[in-house]
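Trainee: Let me give you the structure first, and then I'll get to my questions.
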Amino acid sequence: MATQALPAPTMESELRALAWAALLTPACAAYARFAARRLRPGLPRLAALSPTFPVLAYLPCTFASLHLRLFSTFFHTWLAVNKLVLLALDHGPLHPGLPLLPFVLCAGLPIKVRLVQQSRPPAGNQQPPPPPVAEFLRPCARSALLLGCLAAAYPYTGWLPLYALHYLYCIQIFLTLDLVLSSVALASAAVLGASMERHFSAPLAVTSLGDFWGRQWNLMAVDLLRASAYEPVRAHWGRDAGVLAAFLMSGLLHELLYWYLTLRRPTGEMLLFFMFQAASQIAERWARAAGLWRPPKAAAYLLATVFVVVTISEMFFGPFVRAGTDVRLTEETTALVAMVWSAAKHPIRPIWGSFKLEAGRP
1 MATQALPAPT
11 MESELRALAW
21 AALLTPACAA
31 YARFAARRLR
41 PGLPRLAALS
51 PTFPVLAYLP
61 CTFASLHLRL
71 FSTFFHTWLA
81 VNKLVLLALD
91 HGPLHPGLPL
101 LPFVLCAGLP
111 IKVRLVQQSR
121 PPAGNQQPPP
131 PPVAEFLRPC
141 ARSALLLGCL
151 AAAYPYTGWL
161 PLYALHYLYC
171 IQIFLTLDLV
181 LSSVALASAA
191 VLGASMERHF
201 SAPLAVTSLG
211 DFWGRQWNLM
221 AVDLLRASAY
231 EPVRAHWGRD
241 AGVLAAFLMS
251 GLLHELLYWY
261 LTLRRPTGEM
271 LLFFMFQAAS
281 QIAERWARAA
291 GLWRPPKAAA
301 YLLATVFVVV
311 TISEMFFGPF
321 VRAGTDVRLT
331 EETTALVAMV
341 WSAAKHPIRP
351 IWGSFKLEAG
361 RP
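Residue numbers for the sequence shown follow full-length UniProt numbering, so the first one is 1 and each next one is one higher.
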């Protein structure tokens, strides 16, 4: 059954929501910097920053497009609120001593400036480092091209087995996140003139669960989970408890994402999925330490990929598929690709005023 609670997005509604987000997010970040510069870390600073939390948590609700709702949830409700809570405790990537523009961009966007030690100018034949924007051009172009191919192929995937179709969903999620996050990093690097950290390494070519969740997938979220959950818990109760705490926090955030995308009461399946991943990662590490699990690299890649895809298919996608979210996301992707192709074929034709997303229509 398709999601009925959300109206079909229009260009007017989404531009209005983007305008509000572009206004309120920098305002919240600027206020947070102002308050943090005048209050000591701890409860006073946390109390001063707390009025920004409901504003940031409300922003995803202004979007009707599921894609924009998803990214607003990630940018504002997950990352921005987490960064400001860590700022209140004098941790995390934000510091009140940062200049205003870098502070606002780092607070409101999923970016992390790469710390590079100052060095002498290159001598002899040594090549100077590439411009900070160059490293993101290739992933942007690659992800855009492959997403277009995937959207064009979806109408012909009805014969695929369920797990194969869900593997394509996993690839689509990765390509979409990589395109959007790399584009944000590309624009931020151009504005700040600084090199940015990458969000992904090679999540489609991993040989263990620890490698996938800890070093390959969504590294910005991993860093924040490490600072806000893993490190504090590990310091008191050990490494395994820290892993469980990080996955517990991730599961709760994904339960919140489920509500944002479906407007249905969370079922607990997101939390169950991430706690199962945590237990599996801990068991895998124990088995490796005991010498019980050391398969060849090719076998390890195949087994890790199958485990991730099957568990995501059975435990993660289920609630969203029952709500019709996958159908609507596919419709939005197809509509966006059609709009881009139309703009490429008719660059002078004013399509923006007449374009309307078809997502959610029967």
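Idealized CB from N, CA, C, for every residue including glycine.
1. Identify the residues that DSSP records as bridge partners of V113: which are they?
2. Using a threshold of 7 Å, state whether the C-beta atoms of R69 and Y260 are closer than that.
3. With 16 other CB atoms within 10 Å as the buried threshold, where does Y258 fall?
4. State the start and end residues of the unbroken alpha helix (DSSP H) segment that holds R239.
5. Which of the three DSSP states is assigned to N82 in this structure?
6. Which word fits F34, buried or exposed, when buried means at least 16 other C-beta atoms lie within 10 angstroms of its C-beta?
7. Measuring CB to CB, does L175 end up less than 7 Å from L146?
8. Would you call the segment 160-173 and the segment 307-316 touching, i.e. three or more CB-CB distances under 8 Å?
9. Closer than 6 Å by C-beta to H91: which residues in its own chain qualify, once you throw out the five before and the five after it? Chain order, please.
10. Which residue's Cα is closest to the Cα of T77: L89, P54, P93?
11. Could you give the first and the last residue of the continuous alpha helix (DSSP H) run that contains F75?
12. Look at the alpha carbon of L179 and the alpha carbon of M196, and state the distance between them as a whole number of angstroms.
13. Could you give the DSSP three-state label for R294: helix, strand or coil?
14. DSSP three-state call for R16: helix, strand or coil?
15. Quick check: the Cα distance between T333 and S143, rounded to an integer number of angstroms?
16. Would you please state the rounded distance, in angstroms, between the beta carbons of K112 and T207? I believe it to be under 8 Å.
17. Using a threshold of 7 Å, state whether the C-beta atoms of L219 and P110 are closer than that.
18. For the alpha helix (DSSP H) holding P96, just list the boundary residues, first then last.
19. Excluding the 5 residues preceding and the 5 following A246 in the sequence, name in chain order all residues of the same chain whose CB lies nearer than 6 Å to its CB.
20. If we ignore side chains and look at the alpha-carbon of each, how far apart do V243 and W237 end up?
21. What are the start and end residues of the alpha helix (DSSP H) that includes F317?
22. Can you tell which of S50, Q216, C106 has the C-alpha that lies nearest to the C-alpha of A304?
23. Kindly list the residues whose CB is nearer than 7 Å to the CB of P60, restricted to its own chain and excluding five residues on each side of it in sequence; keep chain order.
24. According to DSSP, is S208 part of a helix, a strand, or is it coil?
25. Using only the alpha-carbon positions, how far apart do V26 and V104 sit?
26. How about the segment 276-292 and the segment 325-332: do they share at least three Cβ pairs that are nearer than 8 Å?
Mentor: The relevant details are as follows:
1. Along the sequence shown, read from residue 1 onward, the residue named residue 113 stands at position 113. Looking at the DSSP assignment, V113 forms a beta bridge with M196.
2. Numbered from 1 along the sequence shown, position 69 holds the residue referred to as residue 69. Numbered from 1 along the sequence shown, position 260 holds the residue referred to as residue 260. Result yes, Cβ atoms of R69 and Y260 sit closer than 7 Å.
3. Working through the sequence shown from its first residue, we reach residue 258 at position 258. Y258 is buried by the Cβ-count criterion.
4. Reading the sequence shown from its first residue, position 239 is the one you call residue 239. From DSSP, the alpha helix (DSSP H) with R239 extends over 239-262.
5. For this step, residue 82 is matched to residue 82 along the sequence shown. If DSSP states are grouped into helix, strand and coil, N82 belongs with the helices.
6. Within the sequence shown, the letter at position 34 stands for residue 34. F34 comes out exposed.
7. One-based indexing of the sequence shown puts residue 175 at position 175. One-based indexing of the sequence shown puts residue 146 at position 146. It is a contact, given that the beta carbons lie within the stated cut-off.
8. yes
9. Working through the sequence shown from its first residue, we reach residue 91 at position 91. If we look at H91 and ignore the five residues flanking it on each side, its Cβ neighbours are A227.
10. Residue 77 sits at position 77 when you count from the first residue of the sequence shown. Of the listed residues, the one whose Cα sits closest to T77 is P54.
11. One-based indexing of the sequence shown puts residue 75 at position 75. Unbroken run through F75: none, as it is neither H nor E.
12. Translated into the one-based positions of the sequence shown, residue 179 becomes position 179. Translated into the one-based positions of the sequence shown, residue 196 becomes position 196. Approximately 15 Å, taken between the alpha carbons.
13. As a position in the sequence shown, residue 294 is number 294, starting the count at 1. Coil at R294, not helix or strand.
14. Taking the sequence shown and counting its residues from 1, the one referred to as residue 16 is at position 16. Helix, per DSSP.
15. Translated into the one-based positions of the sequence shown, residue 333 becomes position 333. Translated into the one-based positions of the sequence shown, residue 143 becomes position 143. If you take the alpha carbons of T333 and S143, they lie about 13 Å apart.
16. Along the sequence shown, one-based indexing puts residue 112 at 112. Along the sequence shown, one-based indexing puts residue 207 at 207. Wrong, their Cβ atoms sit about 26 Å apart, outside the cutoff.
17. Here the question's residue 219 lines up with position 219 in the sequence shown. Here the question's residue 110 lines up with position 110 in the sequence shown. Going by C-beta atoms, L219 is not nearer than 7 Å to P110.
18. Counting from one through the sequence shown, the residue named residue 96 turns up at place 96. Element bounds for P96: n/a, residue is neither H nor E.
19. Along the sequence shown, one-based indexing puts residue 246 at 246. Contacts found: L225, A229, Y230.
20. Position 243 of the sequence shown, counted from the start, is the residue given in the question as residue 243. Position 237 of the sequence shown, counted from the start, is the residue given in the question as residue 237. Cα to Cα, the separation comes out at about 11 Å.
21. Taking the first residue of the sequence shown as position 1, residue 317 is located at position 317. Residues 317-322.
22. Indexing the sequence shown from 1 puts residue 304 at position 304. With distances taken between Cα atoms, A304 lies closest to Q216.
23. Position 60 of the sequence shown holds residue 60. Within the same chain, P60 has close Cβ partners R69, S72, T73, H76, T77, Y260.
24. Taking the first residue of the sequence shown as 1, we reach residue 208 at position 208. The answer is coil: DSSP assigns S208 none of H, G, I, E or B.
25. For the purposes of this step, residue 26 is taken as residue 26 along the sequence shown, with counting starting at 1. For the purposes of this step, residue 104 is taken as residue 104 along the sequence shown, with counting starting at 1. Note that residue 26 corresponds to Pro in the displayed sequence, not to Val. Roughly 6 Å between the two C-alpha positions.
26. no
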